[in-house]
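S.K.:
Residue numbers (our numbering): 1480 to 1670.
(1) Let me check one thing: in DSSP terms, what residues is residue 1597 bridge-paired to?
(2) Quick one, which of 1649, 1627, 1659 and 1577 has its alpha-carbon nearest residue 1665's?
(3) Within the same chain, show all residues whose beta-carbon is closer than 8 Å to that of residue 1580, passing over the 5 residues directly before and after it, in chain order.
(4) Is residue 1549 buried or exposed, if buried means 16 or more other CB atoms sit within 10 Å of its CB?
(5) Leaving out five residues on either side along the sequence, give the residues of the same chain with a beta carbon under 7 Å from the beta carbon of residue 1582.
(6) Looking at C-alpha atoms only, which residue of 1655, 1634 and 1544 is the closest neighbour of residue 1617?
(7) If you compare alpha carbons, which of 1625, 1612 and 1576 is closest to residue 1619?
(8) State the DSSP-derived secondary structure class of residue 1656, mapped to helix, strand or coil.
(9) Just reading off the beta strand (DSSP E) that residue 1632 is part of, what are its end residues?
(10) Taking only three categories from DSSP, how would you classify residue 1669?
(11) Give me the Cα-Cα distance between residue 1553 and residue 1594, rounded to the nearest whole angstrom.
(12) Checking 9 Å against the spacing of the C-beta atoms, do residue 1547 and residue 1566 come in under that value?
(13) Quick one: residues in its chain with C-beta nearer than 6 Å to the C-beta of residue 1531, no 5 flanking neighbours on either side, listed in chain order?
(14) Should residue 1537 be labelled buried (16 or more other beta-carbon atoms within 10 Å of its own) or exposed?
(15) In its own chain, which residues sit with a C-beta less than 6 Å from the C-beta of residue 1642, not counting the 5 before and 5 after it?
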């Protein structure tokens, strides 16, 4: 019978040595592409924020919001925001819910921070007139500036200021309107 090991085929049992495993290509479908960066096109983020607004005359408001951000192209996004706020004013205070659609452009974007402009419009429904002697439904155009800062694991802190307008657009008998300076801070996470 001679030496069988020289001519016998080798049968693998699926166990690789460390050297073989290190040099073997990854299985099909498990390769990772380039790492996604903040602001890359076709990425989504979830945001939680708190805000305070003041018209410096007769009213202020504060509250919180959650939003979903979709980057349509690199550093340009659309936000779908849902908020809840308490309005202090000369007449009865009010509570309200707000839905906004905002566009945001990170015009100066670095790996760990960005500066942006944003703006949009929304709809506000309250349990009493806002402003007082206005209506309990209003539109909320807004425009502002802000900054984002990487705080680790692709989480971002968002800080910003906006001009924030509340008006029923003359759809009610009275439309006193209200212009406020709104400041906000929040956290943005990828998903």
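Ideal Cβ placement from N, Cα and C applies to all residues, glycine included. Computed from a predicted structure; not experimentally measured.
M.R.: With the given structure in hand:
(1) Here residue 1597 refers to the residue found at position 118 when the chain shown is read from its first residue. The bridge partners DSSP lists for residue 1597 are 1583 and 1623.
(2) As a working mapping, residue 1665 is identified with position 186 in the chain shown. Checked all of 1649, 1627, 1659 and 1577; the closest Cα to residue 1665 is 1627.
(3) Counting from one through the chain shown, the residue named residue 1580 turns up at place 101. Only 1557, 1558, 1559, 1560, 1599, 1600 and 1601 meet the Cβ criterion.
(4) Taking the chain shown and counting its residues from 1, one reaches residue 1549 at position 70. Exposed: under 16 other Cβ atoms inside 10 Å.
(5) The sequence position of residue 1582 within the chain shown is 103, counting from 1. Hits under 7 Å: 1557, 1597, 1598 and 1599.
(6) Position 138 of the chain shown, counting from 1, holds the residue named residue 1617. That would be 1655, whose Cα lies nearest to the Cα of residue 1617.
(7) For the purposes of this step, residue 1619 is taken as the residue at position 140 of the chain shown. Closest in alpha carbon position to residue 1619, among 1625, 1612 and 1576, is 1576.
(8) For the purposes of this step, residue 1656 is taken as the residue at position 177 of the chain shown. Collapsing the DSSP output to three states places residue 1656 in coil.
(9) Position 153 of the chain shown, counted from the start, is the residue given in the question as residue 1632. Element bounds for residue 1632: n/a, residue is neither H nor E.
(10) Against the chain shown, residue 1669 aligns to sequence position 190. Strand, per DSSP.
(11) Sequence index remark: in the chain shown, residue 1553 carries index 74 (1-based). Sequence index remark: in the chain shown, residue 1594 carries index 115 (1-based). Approximately 14 Å, taken between the alpha carbons.
(12) Translated into positions along the chain shown, residue 1547 becomes position 68. Translated into positions along the chain shown, residue 1566 becomes position 87. At a Cβ-Cβ threshold of 9 Å, residue 1547 and residue 1566 do not count as neighbours.
(13) Sequence index remark: in the chain shown, residue 1531 carries index 52 (1-based). For residue 1531, where only same-chain residues beyond five positions count, the Cβ hits under 6 Å are 1541 and 1662.
(14) Counted from its first residue, the chain shown places residue 1537 at position 58. Exposed, because fewer than 16 other Cβ atoms sit within 10 Å of the Cβ of residue 1537.
(15) Position 163 of the chain shown, counted from the start, is the residue given in the question as residue 1642. Result list for residue 1642: 1622, in chain order.
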